[in-house]
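Engineer: Residue numbers (the numbering used here): 73 to 222.
One structure, as structure tokens, below. Some questions next.
Listed below in structure tokens is the structure:
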């Protein structure tokens, strides 16, 4: 299949490597193209010629590029950010409820003070002066048999 490599005179203590040109395979219309590995011939110091295929060292499968941060760490971080956002919202909600409660309490207190002041003015404000009502002075009255004589 391959041509016989040329024999050379051996050189003492040297190893010669020959790279013969492989024959191009015949192109067939229906056959797929197959890569043919290179053939190497080595002349040993004792004159023997060894011919064979070059063995390429097995290359490990390239590892998938890992991101600098794992997905689990990113998910935990995003969960923490979401939790903090919810806690912040709850804190604002409780602050709002507390402020609203204080406002309602102050409004009730203000209404009680104003209404109480109005009642106090109504009660204690008319003692020294008359406020346009009917004044009845009773001096000496004699009551006999359910009749009033004045």
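Built from N, CA and C at the ideal position, the CB exists for glycine as well.
This one's a predicted model, so the numbers in the text were calculated from it and none came from an experiment.
Considering only C-alpha positions, which residue in the set 114, 160, 159 is nearest to residue 123?
Structural biologist: It is 114.
Engineer: Which one of 91, 137, 138, 146 has the shortest CA to CA distance from residue 121?
Structural biologist: Considering only alpha carbons, the answer is 91.
Engineer: Using the Cα positions of residue 194 and residue 170, report the straight-line distance between them to the nearest angstrom.
Structural biologist: The alpha-carbon atoms of residue 194 and residue 170 are separated by roughly 36 Å.
Engineer: Rounded to the nearest angstrom, what separates residue 161 and residue 153 at their Cα positions?
Structural biologist: The alpha-carbon atoms of residue 161 and residue 153 are separated by roughly 12 Å.
Engineer: Could you compute how far the alpha carbon of residue 132 sits from the alpha carbon of residue 163?
Structural biologist: Cα to Cα, the separation comes out at about 55 Å.
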